[in-house]
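Participant:
Residue numbers (this note's numbering): 195 to 373.
1. Within this structure, are the beta carbons of residue 271 and residue 278 separated by less than 8 angstroms?
2. Following the continuous beta strand (DSSP E) through residue 227, name the residue where it begins and the one where it ends.
3. So the candidates are 368, 206 and 352; which of them puts its Cα closest to the Cα of residue 276?
4. Is the CB-CB distance between residue 289 and residue 227 below 8 angstroms?
5. Determine contact between the region 247-264 and the region 227-238, defined as no fewer than three beta-carbon pairs at a distance below 8 angstroms.
6. How should residue 245 be labelled, buried or exposed, when 16 other C-beta atoms within 10 angstroms of its C-beta is the threshold for buried?
7. Measuring only the C-alpha atoms, how far is residue 223 from residue 280?
8. Just checking my contact of residue 346 with residue 354 at CB under 8 angstroms: how many whole Å lie between their CB atoms?
9. Check residue 202 in the structure and name its three-state DSSP category.
10. State the CB to CB distance for the pair residue 204 and residue 283, rounded to an integer number of angstroms; the pair is presumed to be in contact (CB under 8 angstroms).
11. Reducing DSSP to helix, strand and coil, say where residue 320 ends up.
12. Decide if residue 361 is buried, meaning its Cβ has at least 16 other Cβ atoms within 10 Å, or exposed.
13. Relative to the alpha-carbon of residue 262, which residue among 293, 242 and 274 has its alpha-carbon at the smallest distance?
14. Quick check on residue 218: does DSSP put it in helix, strand or coil?
15. DSSP three-state call for residue 256: helix, strand or coil?
Have a look at this one:
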């Protein structure tokens with residue numbers, strides 16, 4: 195396997211275990227690659243670290259590029275663990291090439307083209323007006339919970355008991371198809 199320039203080596207053991215355990219439950223795997231604009235320093239001619247979540251939410255990165263590839267579970271070779279491992283390495287080679295194309299084009303202020311097909315990506319903007327009402331709702335709800343002793347008690351109980359109850363609910367009432 196050639197060394198990667200833009201991705202780490204894949205976690206084959208975890209992926210093999212997940213595919214073997216879940217291949218009868220799902221009909222597809224999604225390969226998601228996230229790329230941040232403004233991660234190339236033109237003065238020093240080098241890539242810089244991607245923005246942290248806080249920096250992204252503060253608006254220090256203006257664009258986020260997401261490449262999503264849906265791969266039907268039937269197309270993933272799963273007869274042996276070695277086949278899954280080889281398939282995963284091939285996906286990471288494609289992912290590394292995608293990132294290389296993105297950063298080379300981003301350096302030259304060009305737009306990214308999809309390397310899997312002849313289609314261009316979809317450009318979508320997320321305006322403040324699209325998110326402000328839900329943000330205010332959740333902020334007010336959280337504040338109302340935290341300003342009273344009863345609200346704080348309810349808040350920590352939801353945080354403590356919510357996940358186990360949700361997992362139990364999903365175990366008791368499993369859905370046949372998740373997608």
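A virtual CB, placed ideally from N, CA and C, is assigned to each residue, including glycine.
Facilitator: Working from what's here:
1. Taking the chain shown and counting its residues from 1, the one referred to as residue 271 is at position 77. Taking the chain shown and counting its residues from 1, the one referred to as residue 278 is at position 84. Yes, the Cβ-Cβ distance between residue 271 and residue 278 is below 8 angstroms.
2. As a position in the chain shown, residue 227 is number 33, starting the count at 1. For residue 227, the enclosing beta strand (DSSP E) starts and ends at 222-230.
3. Here residue 276 refers to the residue found at position 82 of the chain shown. Answer by Cα proximity: 206.
4. On the chain shown, position 95 is the one that residue 289 refers to. On the chain shown, position 33 is the one that residue 227 refers to. Yes, these two residues count as a Cβ contact at 8 angstroms.
5. With the rule of 3 Cβ pairs closer than 8 angstroms, the region 247-264 counts as touching the region 227-238.
6. Locating residue 245 in the chain shown gives position 51, counting from the first residue. Burial call: buried.
7. The residue labelled residue 223 in the question sits at position 29 within the chain shown. The residue labelled residue 280 in the question sits at position 86 within the chain shown. If I take the Cα positions, the gap works out to 16 angstroms.
8. By one-based count along the chain shown, residue 346 stands at place 152. By one-based count along the chain shown, residue 354 stands at place 160. In fact, because the Cβ distance is near 12 angstroms, the residues do not count as touching under 8 angstroms.
9. For the purposes of this step, residue 202 is taken as residue 8 along the chain shown, with counting starting at 1. In the structure shown, residue 202 sits in coil (DSSP, three-state: anything other than H, G, I, E or B).
10. Residue 204 sits at position 10 when you count from the first residue of the chain shown. Residue 283 sits at position 89 when you count from the first residue of the chain shown. Taking a contact as a CB-CB distance under 8 angstroms, the pair residue 204 and residue 283 counts as one, their CB atoms being some 7 angstroms apart.
11. For this step, residue 320 is matched to residue 126 along the chain shown. Residue state, collapsed to three classes: coil.
12. Numbered from its first residue, the chain shown carries residue 361 at position 167. By the neighbour-count criterion, in which a residue is buried when 16 or more other Cβ atoms sit within 10 angstroms of its Cβ, residue 361 is exposed.
13. Against the chain shown, residue 262 aligns to sequence position 68. A check of alpha carbon separations from residue 262 across 293, 242 and 274 identifies 293 as the nearest.
14. Counting from one through the chain shown, the residue named residue 218 turns up at place 24. Correct three-state label for residue 218: coil.
15. Position 62 of the chain shown, counting from 1, holds the residue named residue 256. Reduced to three states, the DSSP call for residue 256 is coil.
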